[in-house]
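Engineer:
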Amino acid sequence: MRKVFVTAIVLGFLSAGAAQAEQVTYTKDIKSVMEKQCLACHGSDSAPEYAAFKKEQAFWMKQGKGPRMDTYSHLVFYTAWQDTGALMRRLDDGKTSGSGKPGNMYQNLGADEAERQKNLSLFKQWVGGWMLKRLPDITKEEIAAIKVPY
Ligand code: HEC
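Numbers 222 to 371, taken from the numbering used here, label the letters of the sequence shown in order.
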């Protein structure tokens, strides 16, 4: 009886530790959110690269399409480099800057506030060092804090 009790406690500790260590990754968590909430406009039929989008922005916007973000490599481009901080600026709910004004892609994170906050939290955990700075202003330490695990 006593042995069963002790075993239960040990197992409880082990599973709590496992849950804490569980990392948010692109393949496990972010890819499916992107598929559901973002790829209608950022899928493979969008502008293939950011530079291609910028070159013919009016053309892509007319079709309601943004730059392509349907692979890990494409999405990471909008975190640390080259389009530094773009993903964070667009998805933030306005609390990081303190302005209260959400980025214009925040609304796409979910159908209601609860879903948007849940998905924002996933993106924040995935990115790691969540900051809104652009390239000339970001420090080396802040770049290194951006994790985006595959
Ligand atoms: C209804 C279409 C639509 C949906 C859905 C959508 N986007 Fe966008 N997105 C656009 C368009 C069009 C642009 C380019 C215009 C602009 O800059 O706002 C854009 C721009 C962006 C940019 C900025 C790229 C740059 O210029 O630096 C990011 C980052 C982004 N979207 C991320 C997302 C994410 C993440 C999601 C899902 C949570 C999402 N978007 C959902 C249409 C959409």
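Even glycine gets a Cβ: it sits at the ideal position worked out from N, Cα and C.
Suppose the cutoff is 6 Å on Cβ atoms and the five residues either side in sequence are ignored; what does the same chain contact list for residue 368 look like?
Structural biologist: Excluding its 5 nearest sequence neighbours in each direction, residue 368 has C-beta neighbours in its own chain below 6 Å: 349, listed in chain order.
Engineer: Compute the Euclidean distance between the alpha carbons of residue 273 and residue 309, then round it to the nearest angstrom.
Structural biologist: 21 Å
Engineer: When you compare the CB positions of residue 251 and residue 347, do they come within less than 8 Å of one another, or not?
Structural biologist: yes
Engineer: Using DSSP's beta-bridge definition, name the partner residues of residue 288.
Structural biologist: DSSP output for residue 288 lists 268 as bridge partner(s).
Engineer: Can you give, in chain order, each stretch of the alpha helix (DSSP H) that sits fully within the stretch 265–350 and has at least 4 residues?
Structural biologist: 271–276, 278–283, 293–297, 307–312, 334–348
Engineer: Do you know offhand how far residue 312's Cα is from residue 323's?
Structural biologist: Approximately 7 Å between the Cα atoms of the pair.
Engineer: Check each candidate in 331, 305, 337 and name the one with the smallest Cα separation from residue 389.
Structural biologist: In the structure as shown, the chain starts at 222 and stops at 371, and residue 389 therefore has no counterpart that could be examined.
Engineer: Could you pull the DSSP bridge partners for residue 367 from this structure?
Structural biologist: 349
Engineer: Run the proximity test for residue 293: is its beta-carbon closer than 7 Å to any non-hydrogen atom belonging to the ligand HEC?
Structural biologist: no
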